[in-house]
């Protein structure tokens, strides 16, 4: 339905012919003076002429309606352009909001990745320390083997010395028995039955062997104590290495899980550029729930 709105436009209306113009009225201020001997003076004040429209023809009405229709069409086009611009601005605003949220989330992911990289560097440094500790343990085990070999050699020497001491002791007992025989008693009756002392060379040899035996016993005891302490230290370090290896394995497992989650999140982010806002909101909620579950699992594992 077409609605025509008629607006008076003085510049577009045709002028009236002069024959149809109304006669000018005399001015109210004009006064005719008679009988006073003064020549009458007429003052005429012209009122502004107004273009009073007459009856318009159908062609003029059509032209006016056409102009109004053109104005309405132009206003419709302007309104459609503004609506399109408004839709574009709204979509741009939504895209900016999504881009800002995506940038914030990427920033958080970048911070997490940097934290994981710092943890990985610390793990590598810790692994280097563990390798150094392993090499130290290897050298310590080699030292222990050499000490064991030396200890076995000393034990052999000690057994030989003990056998020699026993042989000398038997010889000494034999000499004492020989000295206590009746022939020696008759020949030595003037000494009131006192036995002669041992020869100086045999006594010196015996005393030397006794001192060497005592020294070797003390040395073996010291080596036993040292080996016991080194064995305990080695066992303690092996337990520490096992705990460190277990911790490294747990941290590597957590790091692999987080890397997989980051890869999945990046893939989802690339797909989110073509996803409507409500589905994007649902996916963000789902991701937050997954992150909370992962944090809860990590907390349980650390506990």
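Residue numbers (full-length UniProt numbering): 1 to 303. Positions of the beta carbon are idealized from the N, C-alpha and C atoms, including for glycine.
In the pairwise beta carbon analysis, the segment 257 to 268 is classified as not touching the segment 156 to 171: fewer than three pairs are separated by under 8 Å.
The Cβ atoms of residue 165 and residue 219 lie no closer than 8 Å to each other. Two segments are said to touch when three or more pairs of C-beta atoms, one from each, lie closer than 8 Å; by this definition the segment 125 to 141 touches the segment 221 to 240.
From the listed residues 119, 108, 266, the smallest Cα separation to residue 249 is found for 119. Within the same chain, and ignoring the five residues on either side of residue 168 in sequence, the residues whose Cβ sits closer than 8 Å to its Cβ are 202, 205, 206, 209. Between residue 84 and residue 90, the alpha-carbon positions lie close to 10 Å from each other.
If you draw a straight line from the Cα of residue 95 to the Cα of residue 62, it is about 48 Å long. Within the segment 223 to 274, complete alpha helix (DSSP H) segments of at least 4 residues are not found at all.
The straight-line gap separating the alpha-carbon atoms of residue 114 and residue 255 is approximately 12 Å. In the structure shown, the three-state DSSP call for residue 106 is helix. C-alpha of residue 104 to C-alpha of residue 252: approximately 27 Å in a straight line.
Rounded to the nearest whole angstrom, the CA to CA distance from residue 93 to residue 126 is 49 Å. A Cβ-Cβ contact shorter than 8 Å links residue 102 with residue 269. For residue 144, same chain residues with a beta-carbon under 8 Å away, outside a window of 5 residues either side, are 227, 230, 231, 234 in chain order. Straight-line spacing of the CA atoms in residue 297 and residue 111 works out to 21 Å.
A distance below 7 Å between beta-carbons, with the five flanking residues on each side excluded, links residue 240 to no residue of its chain. Just so you know, the alpha carbons of residue 153 and residue 146 end up roughly 11 Å apart.
At the C-beta level, residue 163 and residue 213 stay beyond 8 Å of one another.
Here residue 56 carries a coil assignment [DSSP, helix/strand/coil]. Inter-residue distance for residue 108 and residue 244 is about 30 Å (C-alpha atoms, whole angstroms). A distance below 8 Å between beta-carbons, with the five flanking residues on each side excluded, links residue 217 to the following residues of its chain, in chain order: 158.
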